[in-house]
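Chemist:
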Amino acid sequence: MKPQSKADLALLMCTLFWGSSYLFMQMGLKDLETYNLIGVRFGIAFLLAAAFFHRRLLSTNRKTILHAFILGAILFGVFATVTSGVKTTTASQAGFLVSLTVIFVPILSIVLRNKPQKRVFVGAGLAMVGIGLLTLSSELRISQGDLLCIAAALFYATHIIVTGRWASQSDTIQLGIYQLGFTALFGIFFSILFETPTLPHTPQSWLAVLSLSILCSAIGFVVQTVAQKYTTPAHTGVIFSLEPVFAALFAFMVTGETLTLRGYIGAGLVLLSVLIAEIDLSKWRRNKQEGHLSV
C-alpha cells in the first residue's frame with residue numbers, strides 16, 4: 002500500500018474517532034461539568050502521549066513551549082464552546098455545525114492576505130442556507146448550543162491557521178503533545194475557578210472520558226500530525242468533511258437520534274458546502290485529462 006493511501010486511512014480513522022466525540026461529550030457531561038471534563042480529558046491525553054514520546058520531549062525549546070501555550074489556549078476555546086454547545090443541541094447537529102471550520106479557514110485567511118478561491122465563497126453562501134435550515138426554529142431563533150458550536154468552528158479554524166504557520170518552526174510531535182497539556186491546564190484552572198473539580202463517578206462516564214482522552218485526543222491529534230506529512234491538503238479536507246456524517250451515524254446507532262426533514266436538507270447543504278470549498282473540480286479535471294494523455 003502506498004504511503005499516501007496509509008495516511009488517508011489513518012486520517013479516516015481519526016475522523017471516525019472525532020465523529021464519535023460529540024456523543025461521548027454528552028455522556029461525560031452527565032457526570033462532569035464543562036471545564037472539568039476538558040481538564041480530565043486532555044490531562045489523560047497529555048500523560049499518555051508524553052509517556053509514549055518521552056524521549057522526544059527532552060529536546061523541547063522555549064519557542065515550542067510558547068507556541069504550544071498559545072495553541073493550547075485556542076484549543077481550549079474550541080472545546081469550551083463545543084462541550085457547552087452539545088448540552089443544548091443534538092450530537093449530529095453539533096457535528097455538522099463544527100464542520101463549518103472548512104469554510105471559515107479560507108475566509109479567515111483573508112486577514113493574512115491570502116485571497117480564497119471563488120468556490121469558497123460559493124460554499125460559504127450555501128453553508129449559510131444550510132445553517133438556517135438546520136438550526137432556526139419556527140420563530141426564526143437559533144439556540145445557544147448551535148451558536149456555541151459555530152463559535153467552536155471559528156476557534157478551530159483559527160487553530161488550524163496558526164498551527165499551519167508554526168508547524169515548520171517546531172517539532173510537530175512536541176507541539177502537538179504540549180498543546181494537549183496546556184489545554185488540560187486551562188480546563189483545570191477554569192474548573193477550580195467556576196466549578197467543583199472531580200473525577201468520573203460511573204462506568205459510563207469513565208468510558209466516555211477514556212474514549213475522548215485516548216481515541217479522540219491522544220491518538221487523534223498525534224496521528225493527524227504524522228499522517229498529514231504523507232498526503233495532500235485536498236485529501237485531508239475531504240476526509241475531515243466526513244466527520245459530521247460519522248457524528249450523525251453514531252448518534253443514530255447509539256441513541257436513535259434523528260433530524261427533521263428540514264434538518265436533513267440543511268445538514269446536506271452544509272456537507273455539500275464543505276465539499277465545494279475543498280474540492281477543486283477544474284484541477285481534478287485537468288489532472289484526469291493529463292492522465293489520459295499520458296496513457
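Just so we're aligned: 277 in my numbering is position 276 of the sequence shown, and the numbers increase by one with no gaps anywhere.
Glycine is no exception: its CB is placed at the ideal position from the N, C-alpha and C atoms.
1) Hey, how far is the Cα of VAL296 from the Cα of LYS3?
2) Rounded to whole angstroms, what is the Cα-Cα separation between LEU262 and LEU72?
3) Determine, using beta carbons only, whether ALA252 and SER93 come nearer to each other than 8 Å.
4) Going by C-alpha to C-alpha distance, which of PRO204, GLY269, ALA249 sits closest to THR90?
5) Considering only the alpha carbon of each residue, which of PHE247, ARG57, ARG63, SER206 lies closest to MET26?
6) Taking Cβ to Cβ, would you say GLY146 is nearer than 8 Å to VAL87?
7) Under three-state DSSP, which class holds LEU250?
8) Leaving out five residues on either side along the sequence, give the residues of the same chain with a beta carbon under 8 Å from the beta carbon of THR84.
9) Check whether the region 53 to 72 touches the region 173 to 192, taking contact to mean three or more Cβ pairs, one atom from each stretch, closer than 8 Å.
10) Tell me the residue span of the alpha helix (DSSP H) that contains GLN180.
11) Mapping the DSSP letters down to three states, classify LEU294 as helix, strand or coil.
Modeler: The answer reads as follows:
1) Residue confidence is low: VAL296 scores 45 on pLDDT, short of 50, so the model does not pin down where it sits. Its coordinate-derived value is still stated next. Distance between VAL296 and LYS3, taken at the CA atoms: about 21 Å.
2) LEU262 and LEU72: Cα-Cα distance of roughly 38 Å.
3) Cβ atoms of ALA252 and SER93: closer than 8 Å.
4) If you compare the alpha carbons of PRO204, GLY269, ALA249 with that of THR90, the shortest gap goes to ALA249.
5) Nearest option by C-alpha distance: SER206.
6) Yes, Cβ-Cβ distance for GLY146 and VAL87 is below 8 Å.
7) In the three-state scheme derived from DSSP, where H, G and I count as helix and E and B as strand, LEU250 is classed as helix.
8) MET26, LEU30, THR35, LEU38, ILE39.
9) Three or more beta-carbon pairs separated by less than 8 Å link the region 53 to 72 to the region 173 to 192, which places the two stretches in contact.
10) Start and end: 173 to 195.
11) Annotation note: pLDDT 47 at LEU294 (below 50); position unreliable, no value reported.
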